[in-house]
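Engineer: Going from the sequence shown to this note's numbering is simple: count from 1 and add 17. Cβ coordinates follow ideal geometry from the N, Cα and C atoms, glycine included.
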Amino acid sequence: MIQIIPDWSKLTMPFALVGLLACGGTPTDPDPSPGPGAALCTTPTPLALEVGQYQILDASRNVNCVSLPSGAAAREYLVVGYSGAGLESSAGTSASYALQSNQPNPTVQPSAAPSLIGREDLPASSAFTSLTPADFHRRLRLAEQAWARDPAVRFASAIEPPLAAQGVPVLGTRDSFSVCRTIQCSSFTRVGATVRVVGRHGVIYLDDDLPPGAEQFTQFDLDELGRRFDDFLFPIDTVAFGRESDVNLDQRVSILITDAVNDLTPTCTDGRIVGYFYGADLLPSVPGSNRREVFYTYSTKPATGGCPSVSRSRALASLPPVLIHEMQHMISFNRRVLIRGALDEDVWLNEGLSHIAEELGQRQVPAHECPGSATCFSQFASSNIGNAYDYLANPEANYLVSPGRAGGPLAERGAAWLFLRWVVDNFATDSVLGTNITRALVNTSALGGANVAAVTGMPFATMVGEWQLANYLENLPGFPQEGRLRYRNWNFRSTFANNSPQLFPKPYPLTPDSVTVTYQRNGTLRAGSGRHVRLVVPADATPVTLRLASSTAGSKIAAGVEPRLAIVRIK
18 MIQIIPDWSK
28 LTMPFALVGL
38 LACGGTPTDP
48 DPSPGPGAAL
58 CTTPTPLALE
68 VGQYQILDAS
78 RNVNCVSLPS
88 GAAAREYLVV
98 GYSGAGLESS
108 AGTSASYALQ
118 SNQPNPTVQP
128 SAAPSLIGRE
138 DLPASSAFTS
148 LTPADFHRRL
158 RLAEQAWARD
168 PAVRFASAIE
178 PPLAAQGVPV
188 LGTRDSFSVC
198 RTIQCSSFTR
208 VGATVRVVGR
218 HGVIYLDDDL
228 PPGAEQFTQF
238 DLDELGRRFD
248 DFLFPIDTVA
258 FGRESDVNLD
268 QRVSILITDA
278 VNDLTPTCTD
288 GRIVGYFYGA
298 DLLPSVPGSN
308 RREVFYTYST
318 KPATGGCPSV
328 SRSRALASLP
338 PVLIHEMQHM
348 ISFNRRVLIR
358 GALDEDVWLN
368 EGLSHIAEEL
378 GQRQVPAHEC
388 PGSATCFSQF
398 ASSNIGNAYD
408 YLANPEANYL
418 VSPGRAGGPL
428 AERGAAWLFL
438 RWVVDNFATD
448 SVLGTNITRA
458 LVNTSALGGA
468 NVAAVTGMPF
478 ATMVGEWQLA
488 NYLENLPGFP
498 QEGRLRYRNW
508 NFRSTFANNS
518 PQLFPKPYPL
528 TPDSVTVTYQ
538 RNGTLRAGSG
548 RHVRLVVPAD
558 ATPVTLRLAS
568 STAGSKIAAG
578 VEPRLAIVRI
588 K
């Protein structure tokens, strides 16, 4: 897990966070016969919508150009041109686009080929330069993907003799662990540690080389951390996602607190690695495997030239969100790779589910169990809220289905959490916790967008369009909060507004382009993301023509990008 946190103790929760009730909004069916000239906008498809109605149009096939009628009063529409691609690729799926209204018909030019490189093209040893904390976590997930599809690793692990039952660790005994030496995790250092807490589900080891001092953890601190893991973090995760493995048969998860994790980020400009899970530990044949379930977390540390200090209070506040986040990764690896022999989940969805785990901690850990923070909301929700704000401030610049090869900004973690939160809100039997959705997404061999589509029964590209509309329409004054064009259990407008300007520059980060009639935007569609435009058609005016194409020449965007137009009438 990565930590980039301002003073989140000031983060406040809106009054109506849970249980925003409303009724269903209505999609409408597009004209099935737009005509062969649609790509050039010679015969645009008429689109008549009532307030609250919307359409999702496939701009790669036959409808990339529509006309929006006027009326006796001005009409207002929200338009999103986006990519609905749900397959993770190593370089990311993207293509250039032009979104235009009322432009003359140009001549046709060939469409530029999209960036479509399959995940199988990325070797496990793919080099990263100038690695950031986000790259580190992605590199671990990519290594897990590579092992999952490597027959040699599977075979070697399968023929390994069963590990002897270790028994429950004993307080005060010493052990040692292989820990990533650098952010590349291409080599390991050996860390000696002593058992300080033995709980029902977790065992806490403390690095023997940590210096004593006033800022070091007390035995009470460690006991309380172990109790919270046993009583709250572990059961929340296992109910939501399923059970973890037990490769060494000790019926416990090891939690190693070590300065070796602090050493992974000597410079904290791009954030700090707070903790991690490494799937190698569950595969005995993989170099560096500890042959047990392990979480690695940072410790207290004085300030250095590249990083601020980690105080005892800050560490104690940070560790519960880290543990609940990394526990999902551990469970996912077990349910998919060890039990089903399937591939590890696409990185964007795997990380998104771990951020859902953080939210579940926010919702289910009692207020009195977060003494190191102002509230459990600020303790568990801060990274999600901050990442979501950064994504909504510029969706077009970020992926939802992020590239496998690059770490990407934390804004893309915000996108994954927002999307899964929207999925849970609109498809789960319990829209608050979403257990039937979260368990189904983890206990499967399906991947990425196909996984989400299989669980919800809806095409991924369609869901992305509805979600992108919801990202702006969510609690928009005057717009009916109906159907799937909303978040049911968050009021993000209130959340951001209540914390602006002290934490967030704007009361709401997503500001669509606002235009009347003539408009042109050239940019890049990235998988799962796009551009929002608020379009006003004046009263008693001629219909406005709107087109999504690969360039001002009007050629269609390649089908592999899954270009779509999502249009809803606001007024």
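At 3 residues or longer, what runs of the beta strand (DSSP E) sit wholly inside the segment 253-291?
Structural biologist: Runs found: 270-274.
Engineer: Nearest to His218 by CA position, among Val208, Asp287, Gly495, Ser271, is which residue?
Structural biologist: Here the closest residue by C-alpha is Ser271.
Engineer: In whole angstroms, what is the alpha-carbon distance linking Asp192 and Phe312?
Structural biologist: Going from the Cα of Asp192 to the Cα of Phe312 covers about 15 Å.
Engineer: Is it the case that the Cβ atoms of Ser107 and Ala576 are separated by a distance below 8 Å?
Structural biologist: Not in contact: Ser107 and Ala576 (Cβ atoms no closer than 8 Å).
Engineer: Taking the straight line between their C-alpha atoms, what separation do you get for Leu582 and Thr284?
Structural biologist: So the alpha carbons of these two residues sit roughly 42 Å apart.
Engineer: Return helix, strand or coil for Pro63, following the three-state DSSP convention.
Structural biologist: Residue state, collapsed to three classes: strand.
Engineer: Is it buried or exposed for His385, if we count other Cβ within 10 angstroms and need 16 for buried?
Structural biologist: Classification for His385: exposed.
Engineer: How big is the Cα-Cα spacing for Ala467 and Tyr295?
Structural biologist: Using only the alpha carbons, I get a separation of about 25 Å.
Engineer: Under DSSP, the beta strand (DSSP E) around Pro580 begins and ends at which residues?
Structural biologist: Looking at the DSSP string, the run of the beta strand (DSSP E) that includes Pro580 is 580-586.
Engineer: When you compare each of Ala231, Leu223, Gly230, Pro252 to Asp240 by their alpha carbons, which one comes out closest?
Structural biologist: Ranking the options by Cα distance to Asp240, first place goes to Leu223.
Engineer: Going by DSSP, what residue range makes up the alpha helix (DSSP H) through Gln201?
Structural biologist: From DSSP, Gln201 is part of no alpha helix (DSSP H); its letter is neither H nor E.
Engineer: Helix, strand or coil, according to DSSP, for Gly547 in the structure here?
Structural biologist: Strand at Gly547.
Engineer: Round the Cβ separation of Ala112 and Pro86 to the nearest angstrom and send it over; I've been treating them as touching at under 8 Å.
Structural biologist: Actually they are not in contact, since the Cβ atoms of Ala112 and Pro86 sit about 30 Å apart, beyond 8 Å.
Engineer: Exposed or buried, Gly369, counting other C-beta atoms within 10 Å across all chains shown (16 or more means buried)?
Structural biologist: The residue in question, Gly369, is buried, as its Cβ has 16 or more Cβ neighbours within 10 Å.
Engineer: Here's the rule: buried if 16 or more other CB atoms are within 10 angstroms of the residue's CB, otherwise exposed. What is Phe237?
Structural biologist: Exposed: under 16 other Cβ atoms inside 10 Å.
Engineer: Rounded to the nearest angstrom, how far is the Cβ of Asn506 from that of Asp442, given a contact under 8 Å?
Structural biologist: Right, the Cβ-Cβ distance comes to about 6 Å (below 8 Å), so this counts as a contact.
Engineer: Quick check: what's the CA-CA separation for Gln183 versus Ala160?
Structural biologist: The alpha-carbon atoms of Gln183 and Ala160 are separated by roughly 27 Å.
Engineer: In this structure, how does DSSP classify Tyr406 when only helix, strand and coil are distinguished?
Structural biologist: It is helical.
Engineer: Thinking just about the alpha-carbon of each residue, which of Leu464, Gly98, Pro522, Val196 is nearest to the one in Gly365?
Structural biologist: Checking the sequence shown, residue 365 turns out to be Trp, not Gly. Among Leu464, Gly98, Pro522, Val196, the Cα nearest to that of Trp365 is on Leu464.
Engineer: For Pro426, which option in Phe436, Trp439, Arg438, Pro412 has the closest C-alpha, if you only look at C-alpha atoms?
Structural biologist: It is Pro412 whose Cα lies nearest to the Cα of Pro426.
Engineer: Any idea what DSSP makes of Asn443, helix, strand or coil?
Structural biologist: Correct three-state label for Asn443: helix.
Engineer: Check the C-beta distance from Ala374 over to Ala445 and give it rounded, since I have them as a contact under 8 Å.
Structural biologist: Ala374 to Ala445, Cβ: 15 Å. No contact.
Engineer: Which runs of the alpha helix (DSSP H) at least 4 residues long sit entirely within the segment 328-403? Give them in chain order.
Structural biologist: Listed in chain order, they are 329-350, 364-381.
Engineer: State yes or no: is the C-beta of Ser546 within less than 8 Å of the C-beta of Tyr416?
Structural biologist: In this structure, Tyr416 lies closer than 8 Å to Ser546 by Cβ.
Engineer: State the Cα-Cα distance for the pair Ser390 and Val196, rounded to the nearest angstrom.
Structural biologist: One C-alpha to the other measures close to 29 Å.
Engineer: Please work out which residues of its chain come closer than 7 Å, Cβ to Cβ, to Leu409, disregarding the five sequence neighbours upstream and downstream, and give them in chain order.
Structural biologist: So the qualifying residues of the chain are Asn488, Pro526, Leu527.
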